[in-house]
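For reference, the structure is listed below as structure tokens.
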Ligand code: FAD
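Given below as structure tokens:
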């Protein structure tokens with residue numbers, strides 16, 4: 003008999019809850035452990051054929067496979083519907099049990115329930131573990147047993163609950179000899195799974211990439227609180243895609259932040275706690291996937307001008323900071339947090355477009371797309387969410403630009419047609435006469451749209 007470990011958003015061979023438990027149990031009952039990954043055809047079917055996330059996963063799997071081979075085993079990679087394939091693989095490898103880590107997205111919960119049912123019908127067990135967060139589901143509740151709806155008290159309760167044991171790794175090294183020796187497994191190519199190969203080396207995929215980025219960030223963590231709001235500065239960690247696919251360990255990250263200590267590390271840890279805040283929110287309120295968290299804002303009468311939406315997507319709104327940010331997203335799949343807040347606020351409150359349109363666009367293009375964080379971020383900016391920006395606080399894109407990109411360095415990087423403008427004019431070129439400039443005039447007037455947004459929200 004064997005045990006299978008089904009990898010999903012945990013593509014690493016260290017500090018891994020499901021693998022740790024599978025190996026430990028195997029050591030006790032003489033089983034061998036086989037690692038599997040399924041390219042889920044139901045998810046892949048909705049993606050463009052050039053997709054940085056799929057390439058990131060693919061390269062991370064190659065690293066995982068190589069690491070498993072070094073221990074005399076291999077990674078079994080298949081392409082199809084996991085609801086069919088996992089029970090099939092369980093039969094093929096005579097598995098007594100399947101081990102995996104939690105995924106709290108509504109579709110994943112449904113998928114896992116179907117897999118579990120089939121496995122149980124076959125007489126096989128399905129064991130699942132918390133792995134990608136420190137606290138999940140209903141582990142942090144208010145004194146009256148409700149979910150937290152406000153971040154600051156949630157963070158306080160999170161920190162108060164934290165024990166050293168919550169940060170301990172799930173070691174896998176001691177029992178890696180329990181990995182099964184299996185025939186060499188063919189890894190499907192990108193084209194086998196219907197995708198084009200693209201260069202994502204700049205994203206530094208896999209466990210190696212995660213380690214390089216985290217080591218680099220550790221040297222900068224102490225200054226995080228001063229640098230994190232400026233997109234032209236290397237102030238943030240750039241680890242979100244690694245957190246999304248589990249090529250880093252959340253326990254190691256949180257432990258290190260606590261060891262480094264000081265204001266920078268504290269504020270960075272708070273960002274990791276925001277991640278868990280939105281995950282527990284999605285778990286408690288899966289309806290936020292299509293609905294406003296605050297029901298009174300679910301049916302705001304957004305005019306949804308399609309031409310304006312296209313201009314926003316393509317980075318030609320005539321607002322340089324918005325356009326530079328959208329071009330960064332389109333060209334690299336990354337966007338700095340400050341810019342995500344600016345462009346999201348701009349879409350909803352300057353263009354009066356439903357936040358769900360923007361959320362969908364981000365979901366398609368962000369390397370680090372994560373349903374809970376993306377939905378949380380959009381509903382925050384749109385004022386429809388849990389602990390959101392009040393609707394009457396509306397970012398002025400030009401002032402934001404002057405404050406967070408004071409010399410226009412970020413704008414110059416992504417809007418080269420504005421590169422020659424001085425540090426003052428670059429934030430609002432239309433206010434100055436530039437007959438030769440190949441850059442659009444603003445598609446809306448901020449002051450007018452601000453009033454329209456206030457009226458739209460007040461009608462509710
Ligand atoms: P750092 O500043 O180094 O932060 C460290 C980690 O903390 C991040 O990697 C991330 O995992 C977590 N984190 C930071 N801020 C937040 C936050 N506000 N909410 C939840 N987690 C956070 N983040 C995603 O990971 N995926 C998304 O799809 C996503 N969509 C967003 C959409 C909008 C409209 C907004 C305003 C924010 C969104 N964020 C999302 C949160 C945030 O912008 C990114 O996590 C961050 O910019 C990633 O860069 P970093 O790894 O350098 O972050």
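Numbering (UniProt numbering), first residue to last: 3 to 462. Glycine included, each C-beta is placed from N, C-alpha and C at the ideal position.
Per the DSSP calculation, residue i is bridged to which residue(s)?
{"i": "residue 276", "result": "Residue 276 pairs with nothing; no bridge assigned."}
{"i": "residue 37", "result": "7, 77"}
{"i": "residue 129", "result": "101"}
{"i": "residue 82", "result": "42"}
Would you mind stating whether residue i and residue j have Cβ atoms separated by less than 8 Å?
{"i": "residue 399", "j": "residue 350", "result": "no"}
{"i": "residue 205", "j": "residue 58", "result": "yes"}
{"i": "residue 51", "j": "residue 182", "result": "no"}
{"i": "residue 177", "j": "residue 133", "result": "no"}
{"i": "residue 157", "j": "residue 96", "result": "no"}
{"i": "residue 79", "j": "residue 117", "result": "no"}
{"i": "residue 208", "j": "residue 48", "result": "no"}
{"i": "residue 88", "j": "residue 142", "result": "no"}
{"i": "residue 153", "j": "residue 389", "result": "yes"}
{"i": "residue 416", "j": "residue 459", "result": "no"}
{"i": "residue 121", "j": "residue 38", "result": "no"}
{"i": "residue 397", "j": "residue 355", "result": "no"}
{"i": "residue 46", "j": "residue 13", "result": "no"}
{"i": "residue 99", "j": "residue 71", "result": "no"}
{"i": "residue 428", "j": "residue 445", "result": "no"}
{"i": "residue 219", "j": "residue 242", "result": "no"}
{"i": "residue 54", "j": "residue 335", "result": "yes"}
Give every residue of the same chain whose Cβ lies closer than 7 Å to the Cβ of residue i, excluding the five residues on either side of it in the sequence, and list them in chain order.
{"i": "residue 44", "result": "83"}
{"i": "residue 172", "result": "17, 18, 19, 22"}
{"i": "residue 391", "result": "382, 383, 385"}
{"i": "residue 74", "result": "181, 183"}
{"i": "residue 113", "result": "84, 85"}
{"i": "residue 186", "result": "76"}
{"i": "residue 257", "result": "169"}
DSSP state of residue i, grouped into three classes?
{"i": "residue 42", "result": "strand"}
{"i": "residue 266", "result": "helix"}
{"i": "residue 439", "result": "coil"}
{"i": "residue 181", "result": "strand"}
{"i": "residue 189", "result": "coil"}
{"i": "residue 318", "result": "coil"}
{"i": "residue 409", "result": "coil"}
{"i": "residue 173", "result": "coil"}
{"i": "residue 389", "result": "coil"}
{"i": "residue 2", "result": "In the structure displayed, the chain extends from 3 to 462; residue 2 sits before or after that span and is not available."}
{"i": "residue 61", "result": "helix"}
{"i": "residue 283", "result": "helix"}
{"i": "residue 336", "result": "coil"}
Please return the same chain residues whose Cβ sits closer than 6 Å to the Cβ of residue i, not counting the five positions on each side in sequence.
{"i": "residue 377", "result": "290"}
{"i": "residue 419", "result": "440, 441"}
{"i": "residue 27", "result": "none"}
{"i": "residue 24", "result": "5, 7, 35, 101"}
{"i": "residue 464", "result": "Residue 464 lies beyond the range of the chain shown here (3 to 462); nothing can be said about it."}
{"i": "residue 224", "result": "264, 266"}
{"i": "residue 259", "result": "267, 270, 271"}
At a cut-off of 7 Å, would you count residue i as near the ligand GDP, judging by its Cβ distance to the nearest heavy atom?
{"i": "residue 58", "result": "The ligand GDP is not among the ligands present in this structure, which contains only the ligand FAD."}
Enumerate in chain order the residues of its own chain whose CB-to-CB distance from residue i is below 8 Å, with the five nearest sequence positions on each side excluded.
{"i": "residue 192", "result": "56, 57, 60, 198, 199"}
{"i": "residue 357", "result": "346, 349, 350, 380, 381, 383, 384, 386"}
{"i": "residue 214", "result": "206"}
Task: Three or more C-beta pairs below 8 Å linking the region 305 to 322 and the region 439 to 446 - done: yes
Open item on the list: Under 8 Å, with one C-beta from each stretch per pair, do the region 284 to 299 and the region 97 to 108 reach the 3-pair mark?
Closed with: yes
Task: Inter-stretch contact (C-beta, 8 Å, three-pair minimum) for the region 270 to 284 and the region 149 to 162 - done: yes
TODO: Specify whether the region 238 to 254 and the region 134 to 145 touch according to this definition: at least 3 beta carbon pairs, one from each stretch, less than 8 Å apart.
DONE: These segments touch.
Open item on the list: For the pair the region 328 to 336 and the region 191 to 199, tell me if three or more CB-CB distances fall below 8 Å.
Closed with: Contact fails: fewer than three Cβ-Cβ distances are below 8 Å.
Task: the region 264 to 273 touching the region 354 to 363, judged by at least three CB pairs closer than 8 Å - done: no
Open item on the list: Could you check whether the region 222 to 233 touches the region 142 to 151, counting it as contact only if at least three pairs of C-beta atoms, one from each stretch, sit closer than 8 Å?
Closed with: Contact fails between the region 222 to 233 and the region 142 to 151, because fewer than three Cβ pairs, one in each stretch, are under 8 Å apart.
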